[in-house]
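K.L.:
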Amino acid sequence: MTTHDLRSRNWFGRQDLDGFAHRSWLKTEGFSDLVFDGRPVIGIANSWSELNNCNAHLRQVAEAVKRGVWSAGGLPLEFPTISLGEILMKPTTMLFRNLMAMDVEECIRAYPLDAVVLLSGCDKTTPAMLMGAASAEVPAVMVTGGPMLRGKWRTEELGSGTDLWRLWGERRAGRLTDEELCEAESCMSRSSGHCMVMGTASTMASMAEALGMTLPGNAAIPAPDSRRLALAELSGRRAVEMARAGGPTPSQILTANAFDNAIRADMAIGGSTNAIVHLVAIAGRVGVPLPLAHFDELSRTTPFLVNVRPSGKYLMEDFFYAGGLPVVMKELLPLLHGEALTVNGKSMADNVRDAKCWNEDVIRPLSVPLASEGGTVILFGNLCPDGAVLKQSAASPHLLVHRGRAVVFEDHEDLHRRIDDPSLPIDETSVLVLKHVGPKGAPGMPEWGAAPIPARLLRKGVKDMVRISDARMSGTSYGTVVLHVAPESAVGGPLALVSDGDAIELDVPKRTLALRVSDEELARRRAAWKPRPPRFTRGYGRLFLDHVLQANEGCDFDYLRGATPVRREDTAGPSHS
Ligand code: FES
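Under this note's numbering, the first residue of the sequence shown is numbered 1, with each subsequent residue one higher.
Right, here's the structure in full:
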């Protein structure tokens, strides 16, 4: 039973020239009159693309969603969105996350949709879709593409990204041949799906589930597992119910409590540092303030539970077999807002109360955590007055309190030009500082933060160094890497003023990052500092530079925060000539 006027009836239910046109033109796709009988129209926003390997199987997922929509009495209409493929898209997908969010929002707004199923996968596609759907405020349910099956090379299990960095380090240190590397290359990615460590894609799928925007259990089902298609079918059915009921809408699900739940889940899974930027951006679309200090507050009181790389031992397939995110949420229940509404109409607590853990080495009980605090911490200090981020669960314990001398690289090109220069005065105690890789500086805040360790130090067995930048880091990376320094160097943040040889102090337990240079000297350097000319003077790049916010504000565009919910009457007026 439909409890309210469907928005799509404004297109297809009219007995006028426009109604005639809307029905007639859609009939070119071979639909009978039956589909115009007043059933809800469900949009399937598909980020399928062969340029985005992580989402390349989403056509099959879309077919399963359609099956669900038809079986529940809806009309599924699939439409493409732009797709952000982390590996092939240059200079960085982050440059285009907001563009994709605009694409999704405006398609939902412009077309006759009563609810939408969002199909995402690779890192940025999940937050972009959630941001767009949140601003459009039409009922939405997300289905992510799922992680790849685990990689297997000889006797080793390989994790995407995490083992890429490790094996490349081995190659640079001369311990692996080109032939061996080529063999490992084929063994690492052996099925459809996104990266199968707790990288950004797995983290954001978990965030979507923890926020309540997917059906329970969505995040960890491997991409090739038939249960993912079954979940997609059920999501299609659920979208029809939501369309008929007129909700819940994104703003009813994405509440301050839901974000608290997601942040706690992020801390417990050892999630990607990127989740912080994306959660802040999604929250900005529904008017929920998420200051960085709040992440740290929740991090200090959320145990780290999930033993998955890069912070742990296992892979996403193991996480799925152990019970997946519902088990994590069940363990966290005493710390969560269990009453938070989710997309299936039930509360988070109702969804996870009966979840069972099948491997307590993969998902630890709350009473026996891997660490007493969450995976990510927020740092403040005179080097990052608006905050910086560090993933302590993937850092080296001996570097969490560290004082060292800065070795400064002015930008990414400078880094790659000089990092292996034998005359570079650098050792394992140095602090590697990388500038001009932030939101406006790079631009797009690429995942360049885990800068390479000089080959001669790698050969000595050095595996980690303190690295500081205004960039992001791949969720699959590890190391003692300070990221998202705000304000960034390109806008004159203190990072811009660091010089070779400056003393820098990192103290993770105290959450501080300090540049030990006198105020007078910093004032002198500031007076001499000049911004670089903008990288883009036209097109989307210009729009990005003119409007992107800093990392602590989620890197959304200033004018995209908030929502402009679609209304039933938004379709007024003829769209044909
Ligand atoms: Fe797409 Fe890692 S490259 S999730």
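Ideal Cβ placement from N, Cα and C applies to all residues, glycine included.
With a threshold of 7 Å (Cβ to nearest heavy atom), would ALA205 be considered close to the ligand FES?
P.N.:
no
K.L.:
Buried or exposed for GLU183, going by 16 or more other Cβ atoms inside 10 Å?
P.N.:
exposed
K.L.:
Return the residue from the list SER311, VAL517, GLU106, TRP168 that minimises the CA-CA distance to VAL381.
P.N.:
Just to set this straight, residue 381 is Gly in the shown sequence, not Val. For the residues SER311, VAL517, GLU106, TRP168, the minimum Cα distance to GLY381 belongs to VAL517.
K.L.:
Does the segment 167–185 come close enough to the segment 193–203 to have 3 or more Cβ pairs within less than 8 Å?
P.N.:
no
K.L.:
Quick test of your reading: PRO127 and ILE282, contact by CB under 8 Å. State the CB separation rounded to the nearest angstrom.
P.N.:
6 Å
K.L.:
Ignore the nearest five residues each way along the sequence and tell me which others in HIS484's own chain have a CB closer than 6 Å to its CB.
P.N.:
ALA388, VAL389, ALA551
K.L.:
Ordered along the chain, which non-local residues of its own chain (more than five positions away) have a Cβ less than 6 Å from that of SER8?
P.N.:
VAL41, PRO112, ASP114
K.L.:
So what's PHE96 in DSSP terms, helix, strand or just coil?
P.N.:
Coil.
K.L.:
Report all residues from its chain with a CB closer than 7 Å to the CB of MET267; omit the five preceding and five following residues, and keep chain order.
P.N.:
LEU298, SER299, THR302, PHE304, GLY374, GLY375, THR376
K.L.:
Is GLU209 helix, strand or coil by DSSP?
P.N.:
helix
K.L.:
Tell me CYS195's beta-bridge partners as DSSP assigns them.
P.N.:
DSSP, once it has assigned bridges, lists no residue as partnering CYS195.
K.L.:
Given 7 Å as the limit, tell me if HIS194 has its C-beta closer than that to any heavy atom belonging to the ligand FES.
P.N.:
Yes; taking the cut-off as 7 Å, the Cβ of HIS194 has a heavy atom of the ligand FES nearer than that.
K.L.:
On a Cα-Cα basis, can you pick out the residue from ARG67, THR162, ALA265 that is closest to VAL117?
P.N.:
Checked all of ARG67, THR162, ALA265; the closest Cα to VAL117 is ARG67.
K.L.:
Taking the Cβ atom as the reference point for each residue, do MET242 and PRO310 lie within a distance shorter than 8 Å?
P.N.:
Pairing MET242 with PRO310 gives a Cβ-Cβ distance that is not under 8 Å.
K.L.:
Taking DSSP as the reference, what is the three-state secondary structure of SER235?
P.N.:
helix
K.L.:
Pull up the CB-CB distance for LEU290 and PHE259, whole angstroms please, since I reckon it's below 8 Å.
P.N.:
6 Å
K.L.:
Look up LEU164 in the DSSP assignment and say whether it is helix, strand or coil.
P.N.:
helix
K.L.:
Rounding to the nearest angstrom, what Cα-Cα distance links PRO365 and GLU331 in this structure?
P.N.:
6 Å
K.L.:
If I follow the unbroken alpha helix (DSSP H) through HIS547, where does it start and stop?
P.N.:
539–547
K.L.:
Hey, could you find the ends of the alpha helix (DSSP H) VAL288 is sitting in?
P.N.:
Boundaries cannot be given for VAL288, as no alpha helix (DSSP H) includes it and DSSP labels it neither H nor E.
K.L.:
Can you tell me whether VAL407 is buried or exposed, with buried defined as 16 or more other CB within 10 angstroms of its CB?
P.N.:
buried
K.L.:
Going by beta-carbon coordinates alone, are LEU383 and LEU495 separated by less than 8 Å?
P.N.:
yes
K.L.:
Would you identify the three-state DSSP class for LEU34, choosing helix, strand or coil?
P.N.:
In the three-state DSSP reduction, LEU34 falls in the helix class (H, G or I).
K.L.:
Quick test of your reading: HIS436 and SER489, contact by CB under 8 Å. State the CB separation rounded to the nearest angstrom.
P.N.:
At roughly 6 Å, the Cβ-Cβ gap stays under 8 Å, so HIS436 and SER489 are in contact.
K.L.:
Write down the C-beta distance between GLU86 and CYS54 rounded to the nearest angstrom, noting that I regard them as a contact closer than 8 Å.
P.N.:
7 Å
K.L.:
Between LEU497, ASP546, TYR540, which has its C-alpha nearest ARG525's C-alpha?
P.N.:
LEU497
K.L.:
Determine, using beta carbons only, whether SER393 and ALA371 come nearer to each other than 8 Å.
P.N.:
For SER393 and ALA371, yes; Cβs fall inside 8 Å.
K.L.:
Using alpha carbons as the reference points, say which of THR342, ALA450, ALA220 lies closest to LEU149.
P.N.:
With distances taken between Cα atoms, LEU149 lies closest to ALA220.
K.L.:
In chain order, what residues of the same chain lie with their CB nearer than 7 Å to the CB of GLY323, ignoring the 5 residues before and after it?
P.N.:
ALA355, LYS356, CYS357, TRP358, ILE363
K.L.:
Taking the C-alpha atoms as reference points, what is the distance between LEU164 and SER189?
P.N.:
11 Å
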